[in-house]
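Here is the structure we will look at, set down as structure tokens.
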Amino acid sequence: MPPVPAISLALPPSIQVVSPPARSPNLPRTRWQHRRGNAMWTRTALSALKTHGKPLVDIVPADITDWCPAYPTASEADRRAFWVGFLSALAKHESTYKARAVGGGGLWYGLLQILPATARGYKCNAGTGEDLQNGSANLSCAVRIMATTVPRDGVIYGKGGRGVAADWGPMRSPAKRMDMSRWLKRQSYCKPLDATRPKARP
1 MPPVPAISLA
11 LPPSIQVVSP
21 PARSPNLPRT
31 RWQHRRGNAM
41 WTRTALSALK
51 THGKPLVDIV
61 PADITDWCPA
71 YPTASEADRR
81 AFWVGFLSAL
91 AKHESTYKAR
101 AVGGGGLWYG
111 LLQILPATAR
121 GYKCNAGTGE
131 DLQNGSANLS
141 CAVRIMATTV
151 PRDGVIYGKG
161 GRGVAADWGP
171 MRSPAKRMDM
181 SRWLKRQSYC
191 KPLDATRPKA
201 RP
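Its first residue numbered 1, the sequence shown is counted upward by one per residue in this note's numbering.
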């Protein structure tokens with residue numbers, strides 16, 4: 001019986017093994033990360049904070065320690081992480097993370113329940129209810145709005161509808177603000193460095 005020829009496992013020269021693209025660094029923790037589409041929402045918000053949302057990253061709001069004690073000395077990356085976390089915490093109370101939510105009898109749309117007229121007033125790319133039901137477009141618009149109101153008023157929350165409270169009702173509820181701030185303060189990007197270091201053994 002003639003010998004069986006060996007089977008070559010080498011790939012033909014025309015076929016190359018292509019490595020998968022490198023994954024982006026770990027995304028910051030959010031409250032919506034259990035929802036489908038969450039990674040795209042987070043990336044969109046991070047991108048917006050590098051462009052039209054940059055004023056949010058540059059400012060240190062007067063009440064920031066109520067929300068994120070590490071923020072004043074944080075890197076830009078950690079500041080962006082805070083704002084994305086903040087958006088996700090607000091989305092819990094606005095839409096329970098539902099991108100296609102419609103509230104107020106057809107007035108407010110999307111993750112952060114934005115009024116189309118408000119979106120147009122701030123010159124958001126999303127100017128209709130249907131547009132605002134796209135999660136990424138809604139978040140980009142929310143960043144644009146906050147990048148105006150927070151620097152203008154110097155606070156995240158101020159009495160009389162200042163800061164984020166100018167456009168988002170949950171910010172006027174002490175219980176909802178407390179829920180948001182408690183969650184944010186537990187995140188690594190909001191903990192002071194000495195709080196995240198492991199304690200030395202005795």
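By construction, the Cβ of each residue, glycine as well, lies at the ideal position given by its N, Cα and C atoms.
Which word fits residue i, buried or exposed, when buried means at least 16 other C-beta atoms lie within 10 angstroms of its C-beta?
{"i": "His34", "result": "exposed"}
{"i": "Arg186", "result": "exposed"}
{"i": "Val60", "result": "exposed"}
{"i": "Asn125", "result": "exposed"}
{"i": "Ala99", "result": "buried"}
{"i": "Ala117", "result": "exposed"}
{"i": "Ser75", "result": "exposed"}
{"i": "Leu11", "result": "With a pLDDT of only 42 at Leu11, under 50, the local geometry of the prediction cannot be trusted, and the value read off the model is given with reservation. Exposed, since its Cβ has fewer than 16 Cβ neighbours within 10 Å."}
Helix, strand or coil for residue i per DSSP?
{"i": "Ile114", "result": "strand"}
{"i": "Tyr71", "result": "helix"}
{"i": "Trp108", "result": "strand"}
Starting from residue i, follow the alpha helix (DSSP H) in both directions and report where the run begins and ends.
{"i": "Asp63", "result": "Per DSSP, Asp63 belongs to no alpha helix (DSSP H) and is neither H nor E."}
{"i": "Val155", "result": "Premise fails: Val155 is in no alpha helix (DSSP H) and is neither H nor E."}
{"i": "His52", "result": "Unbroken run through His52: none, as it is neither H nor E."}
{"i": "Pro174", "result": "174-185"}
Return the CA-CA distance between residue i and residue j, expressed in angstroms with no decimal places.
{"i": "Gly110", "j": "His52", "result": "20 Å"}
{"i": "Thr65", "j": "Ser173", "result": "18 Å"}
{"i": "Lys50", "j": "Val155", "result": "20 Å"}
{"i": "Leu112", "j": "Leu193", "result": "31 Å"}
{"i": "Asn38", "j": "Trp32", "result": "6 Å"}
If distances are taken between C-alpha atoms only, which option among the options comes closest to residue i?
{"i": "Glu94", "options": "Phe82, Arg79, Ala142, Leu49", "result": "Ala142"}
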